[in-house]
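So the structure is just underneath, and the comments pick up after that.
Protein chains: 2
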Amino acid sequence: MLTIAGGVTSPKGFSAGGVSCGIKRSGRPDLSILLSDGPAEAAGVFTTNLVRAAPVEIGIRRLRESATKRGILTVSGVANALTGAEGIADNEVLLAAAERQFGVPAASLLPACTGVIGPRLPVPKAVAALGALAAATGHERADAERAAHAILTTDTRSKEVAVRVRLAGGSVVRIGGMAKGSGMISPRLARAHATTLGFVTTDARVSADRLSTLLAHGVEGTFNMVDVDGDTSTNDTVYALANGAASGPSADDDPAFAEGLYAVLESLARQVAHDGEGATKLLTVHVRGARTLSDARAAARAVVSSTLVKAAIFGADPNVGRIACALGYSGARLDPDSLDVSIARPRQPVPLIVDGRPAPGLDNGGGRRVRDLLRQLEEVPLEIDLNRGRASATAWGCDLSYAYVQINAAYRT
Amino acid sequence: MLTIAGGVTSPKGFSAGGVSCGIKRSGRPDLSILLSDGPAEAAGVFTTNLVRAAPVEIGIRRLRESATKRGILTVSGVANALTGAEGIADNEVLLAAAERQFGVPAASLLPACTGVIGPRLPVPKAVAALGALAAATGHERADAERAAHAILTTDTRSKEVAVRVRLAGGSVVRIGGMAKGSGMISPRLARAHATTLGFVTTDARVSADRLSTLLAHGVEGTFNMVDVDGDTSTNDTVYALANGAASGPSADDDPAFAEGLYAVLESLARQVAHDGEGATKLLTVHVRGARTLSDARAAARAVVSSTLVKAAIFGADPNVGRIACALGYSGARLDPDSLDVSIARPRQPVPLIVDGRPAPGLDNGGGRRVRDLLRQLEEVPLEIDLNRGRASATAWGCDLSYAYVQINAAYRT
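Quick mapping for you: the protein sequence lines, in order, are chains Y and X. Note that this note's numbering has the first sequence beginning at 214, numbered continuously upward. Note that this note's numbering has the second sequence beginning at 214, numbered continuously upward.
Shown next, in the form of structure tokens:
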């Protein structure tokens, strides 16, 4: 597997585009399309929030009706949630207009929305911009970039990734992806949550069933291990489209393909965490020595989600007790006297907790060296060993800053 | 039941006191005692965090050995957590010295600590101050106030309450309480968490078994329904002492006593929420129409714990979608199309969500009137009807402010 520069248009036979249709007052792009030249096998995982946005309801239904799709139409700026039957009708009208505009079959586009919960979808604005969107859609890398920008809300940067995978038989396929996510992030997709959107394209030949399995499995260890604020959105959606445009045999049972798809999801998840609202630092928590995978995930998520750990990381405060405290309430089985925690710097790991006690120098408000190190690091990689078994997991998050409060105290204004 | 001015010394036969022993650099009081003149029936509920502070371990063990106790010795400024066997030995030494100082039997004092996790308990400092503590201990209201101040950490004010209850037979008893709690608050006592300490005294005659049952039951609906930051502390403890100093029959089966005890716990829980770190507003969420009590509690807790709801309340932003979103992931059974949410102002309730839709004027970034109202209110009382059944519950929390981040980014410095 090779990471390449690119995004959702890196696999063959995919085009993308993004324009501004006037929903965002800022004038930033807010309408985007992702299209496969021909029919693609499709899969999706969705929020587990009981209050589901209209596009989630439609996406679930359309995938149940048929797993062959042509693309994804995304509106950013409004969530189209809490809008009832009218919200669903609004989105259906917009999708039908887009299907006509792009010359694809009825019900072949999947919808996604992200933004403020409550307002109705401004259908006329979006419909009026479809011609411009079609004109701005293409197969180039710049087109993928425009689409990746048009799905953002409070994000500070777009999130893209592409990999090139050599299958067992020797043929080469590509997998691309884009994502958005900045606040209301604590996805539990499939099972999942938070407004996180992720779209994956591939020119490999994969059955819808296999794609669905790989996507659900991959999301568990990637998107669902990201936590920015513990709030599970009404709109979380990750879609995957496989159009088979690369010639070659089925990738269904190819481990290299599975690995490539996982890598794309992991890269996107990491980018989402790094761009958490107000984040100044990426927090990566790797837990090992857990009794089960579920214990490892619970422990990693608890640390990355702890408001107090996040605030301490923002303040570069080596307040290691808060890490132990979060592990203690995580639900993971552990022995408080055999916890080990360190900052996993290559070649120079820095111990924080050893055998369940603060590392020397950290027990009494000390730790100037660790404090200086935390100040410098843009990514804080915590390594935790529960010393109880062999399971491991990684979770991604970010610090809690004044900017997070500012952004969310006045998001709509 | 009558609420009276007072605290833990309002019931007969209880003395209290607090002094500074030099643990807090600020010089604020950090060592406190609560004593019953004679033997008292005792009960306790403790954090469910697997990483338990030394005083929690000792408190659990001492109550298991005997339910007859004489008082509670609290140290604030250090949690005595993550300190292993030495931490337990440290606390035992301090308790033994205090038992000698106050002339009470060995193992008759219960311990509590709150503060930074990691550092060892400064036993010599605390022991050296026991004489001064004894001199400063008395039965007056001012003594209870001093004790209530000495258990605080980042709290901005002490939390006290007292009630007078007339039992069925006509005799009168008193119940008093004090608490601390400001950050790391998301108690799941008995089951419970967050550094929340609560101490309840009563001169009623109650058996230890009954006291334990009433305490565990009461904490479920009060302390365990408070959430400041979702972090469950290593040190949470609520103790109750009943010394029977008021003459009269047993209050074991007296509903007025049970009601009085619950009212004391609820008042303390509310005071803890109101003094949440950095809080500018108290958030009270009352859920009704739930199918079960457990659904009602889950729904109320989810709203009060939502970082996004808390930030919106701080910003006086009527972002009602965030409330619906939190209800959606709460785990409570609900129908998104029949949610009703309002600000429960006496005589003038203000609708926020009606039949699962934003109330008129709130759907499109509007709501200047609601915004003005939110700005004025020091307490925001949300009333939520799930319209699915008859169960109800209340949760208490606070808004998320810049000050919360500031306090927790540099708590130790």
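Every residue, glycine too, gets a C-beta built ideally from N, C-alpha and C.
8 angstroms contact criterion, which residue i and residue j should meet: CB distance rounded
i	j	result
residue 294/X	residue 574/Y	That pair is no contact at about 18 angstroms.
residue 512/Y	residue 503/Y	6 angstroms
residue 458/Y	residue 252/Y	Actually they do not touch by this definition, with Cβ atoms about 11 angstroms apart.
residue 608/X	residue 440/X	7 angstroms
residue 597/X	residue 563/X	Not confirmed; about 13 angstroms, so no contact.
residue 506/X	residue 622/X	The pair is not a contact, with the Cβ atoms about 37 angstroms apart (cut-off 8 angstroms).
residue 363/X	residue 232/X	7 angstroms
residue 267/X	residue 300/X	4 angstroms
residue 330/Y	residue 537/X	7 angstroms
residue 376/X	residue 217/X	6 angstroms
residue 368/X	residue 393/X	5 angstroms
residue 526/X	residue 585/X	Not a contact, Cβ separation roughly 14 angstroms.
Start-to-end residues for the alpha helix (DSSP H) that takes in residue i
i	result
residue 352/X	Counting along the chain, residue 352/X falls outside any alpha helix (DSSP H), and DSSP gives it neither H nor E.
residue 587/X	581-589
residue 523/X	520-527
residue 612/Y	Looking at the DSSP string, residue 612/Y is not in any alpha helix (DSSP H), and its letter there is neither H nor E.
residue 440/Y	Element bounds for residue 440/Y: n/a, residue is neither H nor E.
residue 415/X	From DSSP, residue 415/X is part of no alpha helix (DSSP H) but of the beta strand (DSSP E) over 410-415.
residue 540/X	533-542
residue 465/Y	It is not in any alpha helix (DSSP H) - residue 465/Y carries neither H nor E in the DSSP assignment.
residue 424/X	421-434
Listed by chain order, chain Y residues near residue i by CB distance under 7 angstroms
i	result
residue 262/X	538, 541 and 542
residue 550/X	297
9 angstroms Cβ cutoff met for residue i and residue j
i	j	result
residue 243/X	residue 372/X	no
residue 557/X	residue 356/X	no
residue 477/Y	residue 257/Y	no
residue 491/Y	residue 387/Y	no
residue 517/Y	residue 496/Y	yes
residue 593/X	residue 494/X	yes
residue 374/X	residue 389/X	yes
residue 468/Y	residue 418/Y	no
residue 599/Y	residue 529/Y	no
residue 437/X	residue 410/X	no
residue 222/Y	residue 421/Y	no
residue 365/X	residue 412/X	no
residue 435/Y	residue 262/Y	no
residue 289/X	residue 245/X	yes
residue 618/Y	residue 615/X	yes
residue 470/X	residue 352/X	no
residue 408/Y	residue 328/Y	yes
residue 385/Y	residue 336/Y	no
residue 552/X	residue 595/X	no
residue 334/Y	residue 284/Y	no
residue 323/Y	residue 276/Y	yes
Under 8 angstroms by beta carbon: chain Y residues contacting residue i
i	result
residue 436/X	Going along chain Y, no residue has its Cβ under 8 angstroms from residue 436/X, so there is no contact; the nearest lies around 15 angstroms.
residue 534/X	292, 294, 295, 329, 330, 331 and 447
residue 553/X	Per Cβ cutoff of 8 angstroms: no residues; residue 553/X is ~13 angstroms from chain Y at best.
Partner residues on chain X for residue i, Cβ-Cβ distance less than 9 angstroms
i	result
residue 508/Y	Under the 9 angstroms cutoff, chain X gives no residues; its nearest Cβ is about 11 angstroms from residue 508/Y.
residue 615/Y	615, 618, 619 and 622
Neighbouring residues, chain X, relative to residue i (Cβ below 8 angstroms)
i	result
residue 446/Y	538
residue 488/Y	Those do not exist, as residue 488/Y stays about 17 angstroms from chain X at its closest Cβ, beyond 8 angstroms.
residue 599/Y	Ordered by position in chain X, no residue passes the 8 angstroms Cβ test against residue 599/Y, which lies about 11 angstroms from the chain.
residue 575/Y	331
Beta-carbon neighbours of residue i, restricted to chain X and to distances below 7 angstroms
i	result
residue 571/Y	295 and 331
Chain-ordered neighbours of residue i on chain Y, where CB pairs are closer than 9 angstroms
i	result
residue 290/X	Within 9 angstroms Cβ-Cβ: nothing; residue 290/X doesn't reach chain Y, min ~11 angstroms.
residue 586/X	What residue 586/X touches in chain Y: nothing, since even the nearest Cβ is about 16 angstroms away.
residue 547/X	263 and 264
Test: residue i CB closer than 9 angstroms to a CB of chain B
i	result
residue 265/Y	The structure shown has no chain B; the protein chains it does contain are Y and X.
Delimiting residues of the beta strand (DSSP E) encompassing residue i
i	result
residue 470/X	Not the beta strand (DSSP E): residue 470/X falls in the alpha helix (DSSP H), residues 468-487.
residue 236/X	Element bounds for residue 236/X: n/a, residue is neither H nor E.
residue 501/X	495-503
residue 594/Y	592-598
residue 490/Y	Where residue 490/Y is concerned, there is no enclosing beta strand (DSSP E), given that its DSSP letter is neither H nor E.
residue 257/Y	244-259
Quick check on the DSSP output: what are the complete alpha helix (DSSP H) runs of length 4 or more inside the segment 329-382 of chain X, in order along the chain?
Counting only runs of at least 4 residues, the segment 329-382 of chain X fully encloses the following alpha helix (DSSP H) elements, listed from N- to C-terminal order: 336-341, 343-348 and 354-363.
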